[in-house]
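One rule links them: number in the numbering used here = place in the sequence shown (from 1) + 60. Reviewing the structure listed below.
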Amino acid sequence: MGLSPWRMIGIGGTNTRIGGRMILTNRCSRAIGAIALLFLLLTGAEANARGAKVTAEPIPDAVWAYMQGRSWRAELRCPGRDQLILLRVPYLDFDGNTQTGALIVASSAAKAVAAAFQDIYDSGKFRIYRMSLIDEFGGDDARSMAANNTSAFNCRTTDRGAMSRHAYGMAVDINPVQNPYREGQLTEPEAGRAYDEPSKRRRDIVGMIVDGDVVTRAFARQGWRWGGHWKRSVDYQHFSNDGH
Ligand SMILES: [Zn+2]
């Protein structure tokens, strides 16, 4: 209370350690700094502080360069760099350890997504397997899902050729294996078949999202809607600002 989530995110002001790295004057040191930053963002870093907060920052040069031809595709009408934002997100991994993941979302969605993941982390009740930029999987959604990776921005089309809400940074996928996408006989990822029907979904399975839990409530508070409520197909991993 009192402090708005957006203030708690502290855009531009909180990542002094990384910022310090990036302004090294020596070109070689700068390159090393950029690589270190990428490594940190792609692999996730173990955070050691309880009470960790989601932070936000503009897309760093090294990350923007890495996104080209991966999550950002010149052939599609993708959002510009200044319309996207990088969130660094504390989460509990499947062993219960705090990690820091990376998510890229629309600037206009950053406040809502940051608040939702802050609520999830603060609850201590939900675990996330992995949260790396989808660029580590070449921007390939199937590979990211198979790796049980939680992700957001990916400028891609849907199976029907329309722009995905992920293409605008307006959707998040969480633990795709425990929360698969299903349409008819199709389940993605394949490992999600164990969890792709209502009868297979239980609150006590680690990483599973169920109606009314901390995850669905955190996103509902932001006005975001859950793909677990879809009728024709169902997308248990998916939250978006407009329900698509
Ligand atoms: Zn999705």
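Positions of the beta carbon are idealized from the N, C-alpha and C atoms, including for glycine.
Cβ-based neighbour list, residue i, same chain, cut-off 7 Å, excluding 5 preceding and 5 following
i    : result
A254 : K260
R130 : D195, G198, G199
T85  : The predicted position of T85 is uncertain, since its pLDDT is 42 and thus under 50; a value taken from the coordinates is nonetheless stated next. Answer for T85: no residue qualifies.
Q349 : It is not possible to answer for residue 349, since the shown part of the chain is limited to 61 through 304.
A207 : R190, F197
G229 : P139, L144, I164, V165, A166, A169, A212, F213
W290 : none
S183 : V274
Nonlocal neighbours in the same chain, by C-beta distance under 6 Å from residue i, ignoring five residues either side
i    : result
F299 : V232, F279, W284, W286
F197 : R203, S204
H226 : N214
D295 : Y241, G287
G303 : R285
G252 : V237, P240
D179 : A278
N108 : Any reading at N108 needs caution, since the residue's pLDDT is 49, under 50, leaving its predicted position unreliable; the model's value is listed next. Once the five neighbours on either side are set aside, N108 has no close Cβ partner at all.
Nearest-angstrom Cβ-Cβ length linking residue i and residue j, presumed shorter than 8 Å
i    : j    : result
Q297 : N235 : 6 Å
V274 : R263 : Not really, about 11 Å apart at Cβ, beyond 8 Å.
Y151 : Y126 : No, Y151 and Y126 are not in contact; Cβ-Cβ is about 22 Å, not under 8 Å.
L147 : I119 : The pair is not a contact, with the Cβ atoms about 11 Å apart (cut-off 8 Å).
S293 : E243 : 4 Å
Enclosing beta strand (DSSP E) for residue i [first to last residue]
i    : result
V149 : 144–152
Y189 : From DSSP, Y189 is part of no beta strand (DSSP E); its letter is neither H nor E.
V232 : 231–233
V241 : Note that residue 241 is Tyr in the sequence shown, not Val. First-last of the beta strand (DSSP E) with Y241: 241–243.
Alpha helix (DSSP H) segment containing residue i, residue limits
i    : result
S300 : Looking at the DSSP string, S300 is not in any alpha helix (DSSP H); the run it does join, the beta strand (DSSP E), is 298–300.
Q159 : From DSSP, Q159 is part of no alpha helix (DSSP H) but of the beta strand (DSSP E) over 158–166.
T218 : Note, T218: premise wrong, no alpha helix (DSSP H); not H, not E.
A175 : 170–183
T210 : Taken as a continuous stretch (DSSP letters only), T210 belongs to no alpha helix (DSSP H), as it is neither H nor E.
A116 : Element bounds for A116: not the alpha helix (DSSP H) but the beta strand (DSSP E), 115–117.
F307 : The question about residue 307 has no answer, for the chain in this structure spans 61 to 304.
R253 : Where R253 is concerned, there is no enclosing alpha helix (DSSP H), given that its DSSP letter is neither H nor E.
M223 : No alpha helix (DSSP H) contains M223, which DSSP labels as neither H nor E.
W124 : 121–127
A202 : 201–206
Residues near residue i by beta carbon distance below 8 Å, same chain, minus five either side
i    : result
T217 : L136, M223, S224, A227
R110 : T158
V266 : F154, R187, Q238
Residues surrounding ligand 1 [beta-carbon distance to nearest heavy atom under 5 Å]: A231, D233, H298
Given 8 Å, three or more beta-carbon pairs between the region 154–167 and the region 177–195: yes
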